[in-house]
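Trainee: Chains as they are written, first to last, in our numbering: chain H, 327 to 498; chain W, 2 to 173.
My questions all concern the structure below.
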């Protein structure tokens, strides 16, 4: 991207490639394209590459694979049984207490010196898992654009029973 | 029945409704995870299962502001990120250009693209994957990434431009 105008028109170029550009903005883009070879090339790539990328082969799976996957998901889901649980009434302190405990463990483990030759209390995988419990993964839900989706998969204080059990196991 | 009705059924304890949701979306979710994880079939399977179980556990948090599909893909995206954190890869930007151009000639177009997509910076890879492999509109891609729709388009634009450049370098 060579100039400020190229940067300003970047999103519009995507709209143009997808055939959704507003007519009002089209004139400026058309004029720019007559003078900017780089943007013309980018537009061509935006039109040409996506269909080829969409065509990337995913391995063929037979029905047995999908059925087995469904069964595995259902087995794991039965152990959670959300329909039976009063999620809305779960006492807040459980989530808060678990989150505080997770944070404390993270701080202690990451600050504590590990004697050479010894094994750390928690393996990297455990730390990642704790991070996931504590942070709920990347801070997607911190975004106001996700209003109305609170309590979704990455809620930061909503810990389910399995997560609490895993947390307790890790904390020992 | 549409997705929302199936969600209501699952919440009312009808497992067959949840199974119908899984059956409806598992293939698309698998393809999405497979491509996002650079063609790792085993990891994609794990991500799909984890995403559905997590989705089930938080089903009460689902609101109709976004489609179930968008919500599900958000969860899967987080699971993919967690999977990638456990198996970090060097972003292509950190790899010397000369090294990129030495893509083995026998590696086919698909393998090559998969590898390149897998090495895009995280945000660009996520936006590109949600748009192309998840087939989500930019509005939902932006929602999933917690950014504006304009930024989602700009990230997508950069991702396509990078792929085009890397492919060109590989060909020269």
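Built from N, CA and C at the ideal position, the CB exists for glycine as well.
1) Could you give the distance in angstroms between the alpha-carbon of residue 403 of chain H and the alpha-carbon of residue 57 of chain W?
2) In chain order, what residues of the segment 113-125 of chain W put their CB closer than 8 Å to some CB of chain H?
3) Taking a contact to mean a Cβ-Cβ separation below 7 Å, would you say residue 84 of chain W touches residue 48 of chain W in this structure?
4) Using a beta-carbon distance below 7 Å, is residue 155 of chain W in contact with chain H?
5) Reducing DSSP to helix, strand and coil, say where residue 156 of chain W ends up.
6) Nearest by alpha-carbon distance to residue 79 of chain W: which of W:64, W:126, W:68 and W:65 is it?
7) For a test of the three-state rule: what should DSSP assign to residue 14 of chain W, helix, strand or coil?
8) Thinking C-beta only, is residue 117 of chain W closer than 7 Å to residue 232 of chain W?
9) Quick check: what's the CA-CA separation for residue 338 of chain H versus residue 352 of chain H?
10) Would you call residue 121 of chain W buried or exposed, if buried means 16 or more other Cβ atoms sit within 10 Å of its Cβ?
11) Using C-beta distances below 8 Å, list every residue in its chain close to residue 347 of chain H, excluding the 5 sequence neighbours before and after it, in chain order.
12) Does the beta carbon of residue 399 of chain H fall short of 6 Å from some heavy atom of the ligand NAP?
13) Can you tell me which of the three DSSP states residue 384 of chain H falls into?
14) Look at the alpha carbon of residue 9 of chain W and the alpha carbon of residue 53 of chain W, and state the distance between them as a whole number of angstroms.
15) Kindly list the residues whose CB is nearer than 8 Å to the CB of residue 71 of chain W, restricted to its own chain and excluding five residues on each side of it in sequence; keep chain order.
16) For residue 62 of chain W, I'd like the list of residues in its chain whose CB is within less than 8 Å of its CB, leaving aside the five on either flank, ordered along the chain.
17) With H, G and I counted as helix, E and B as strand and the rest as coil, what does DSSP make of residue 367 of chain H?
18) So if I threshold CB-CB distances at 9 Å, which residues from the segment 14-32 of chain W count as touching chain H?
19) Can you find a C-beta in chain H that's less than 7 Å from the C-beta of residue 48 of chain W?
20) At the level of alpha carbons, what is the spacing between residue 134 of chain W and residue 33 of chain W?
21) Can you tell me whether residue 36 of chain W is buried or exposed, with buried defined as 16 or more other CB within 10 angstroms of its CB?
22) Would you decide whether residue 330 of chain H is buried or exposed? Buried here means 16 or more other CB atoms lie within 10 Å of its CB.
23) How should residue 394 of chain H be labelled, buried or exposed, when 16 other C-beta atoms within 10 angstroms of its C-beta is the threshold for buried?
24) If we define contact as Cβ-Cβ less than 7 Å, is residue 377 of chain H a contact residue for chain W?
25) Could you check the C-alpha separation between residue 384 of chain H and residue 13 of chain W for me, to the nearest Å?
26) For the candidate residues W:43, W:30 and W:150, whose alpha-carbon lies nearest to that of residue 75 of chain W?
27) So, helix, strand or coil for residue 66 of chain W, using DSSP?
28) Could you work out which residues of chain W lie near residue 406 of chain H, taking near to mean beta carbons separated by less than 9 Å?
Mentor: This is what the structure gives:
1) To locate residue 403 of chain H, count along the first chain from 1; it is residue 77. To locate residue 57 of chain W, count along the second chain from 1; it is residue 56. Approximately 7 Å, taken between the alpha carbons.
2) 114, 115 and 118
3) Here residue 84 of chain W is taken as the residue at index 83 of the second chain, counted from 1. Here residue 48 of chain W is taken as the residue at index 47 of the second chain, counted from 1. Contact flag set, yes.
4) The sequence position of residue 155 of chain W within the second chain is 154, counting from 1. It does; some Cβ of chain H falls within 7 Å.
5) The sequence position of residue 156 of chain W within the second chain is 155, counting from 1. The answer is helix: DSSP assigns residue 156 of chain W an H, G or I state.
6) Start at 1 with the first residue of the second chain, and residue 79 of chain W comes out as number 78. Selected option, being the one with the closest Cα: W:126.
7) The residue labelled residue 14 of chain W in the question sits at position 13 within the second chain. Reduced to three states, the DSSP call for residue 14 of chain W is coil.
8) What is shown of chain W runs 2 to 173, which leaves residue 232 of chain W out entirely.
9) As a working note, residue 338 of chain H is residue 12 in the first chain. As a working note, residue 352 of chain H is residue 26 in the first chain. Going by the C-alpha atoms only, they are around 8 Å apart.
10) Here residue 121 of chain W refers to the residue found at position 120 when the second chain is read from its first residue. Answer is buried; the Cβ neighbour count reaches 16.
11) For this step, residue 347 of chain H is matched to residue 21 along the first chain. Once the five neighbours on either side are set aside, the close Cβ partners of residue 347 of chain H are 338, 341 and 355.
12) Only the bare structure without any ligand can be found here, which leaves the ligand NAP out of the picture.
13) Translated into the one-based positions of the first chain, residue 384 of chain H becomes position 58. DSSP places residue 384 of chain H in coil when its eight states are reduced to three.
14) Start at 1 with the first residue of the second chain, and residue 9 of chain W comes out as number 8. Start at 1 with the first residue of the second chain, and residue 53 of chain W comes out as number 52. Residue 9 of chain W and residue 53 of chain W: Cα-Cα distance of roughly 16 Å.
15) Within the second chain, residue 71 of chain W is the residue found at index 70, counting from 1. So the list reads 137, 141, 144 and 145, once near-sequence residues are dropped.
16) Here residue 62 of chain W corresponds to residue number 61 of the second chain, with the count starting at 1. Once the five neighbours on either side are set aside, residue 62 of chain W has no close Cβ partner at all.
17) Along the first chain, read from residue 1 onward, the residue named residue 367 of chain H stands at position 41. It is helical.
18) 14, 15, 16, 19, 20, 23, 24, 27, 28, 31 and 32
19) Position 47 of the second chain, counting from 1, holds the residue named residue 48 of chain W. Answer no: the Cβ-Cβ gap between residue 48 of chain W and chain H never drops below 7 Å.
20) Taking the second chain and counting its residues from 1, the one referred to as residue 134 of chain W is at position 133. Taking the second chain and counting its residues from 1, the one referred to as residue 33 of chain W is at position 32. Roughly 5 Å between the two C-alpha positions.
21) Reading the second chain from its first residue, position 35 is the one you call residue 36 of chain W. Answer is buried; the Cβ neighbour count reaches 16.
22) By 1-based counting over the first chain, the position of residue 330 of chain H is 4. Exposed: under 16 other Cβ atoms inside 10 Å.
23) As a working note, residue 394 of chain H is residue 68 in the first chain. It is exposed - the Cβ of residue 394 of chain H has fewer than 16 other Cβ atoms within 10 Å.
24) Taking the first chain and counting its residues from 1, the one referred to as residue 377 of chain H is at position 51. Cβ-Cβ to chain W under 7 Å: no for residue 377 of chain H.
25) Locating residue 384 of chain H in the first chain gives position 58, counting from the first residue. Locating residue 13 of chain W in the second chain gives position 12, counting from the first residue. Taking the straight line from one Cα to the other gives about 35 Å.
26) The residue given as residue 75 of chain W occupies position 74 in the second chain. Nearest C-alpha to residue 75 of chain W: W:30.
27) Within the second chain, the letter at position 65 stands for residue 66 of chain W. It is coil, neither helix nor strand.
28) Within the first chain, the letter at position 80 stands for residue 406 of chain H. Going along chain W in sequence order, the residues near residue 406 of chain H (Cβ under 9 Å) are 54, 57 and 58.
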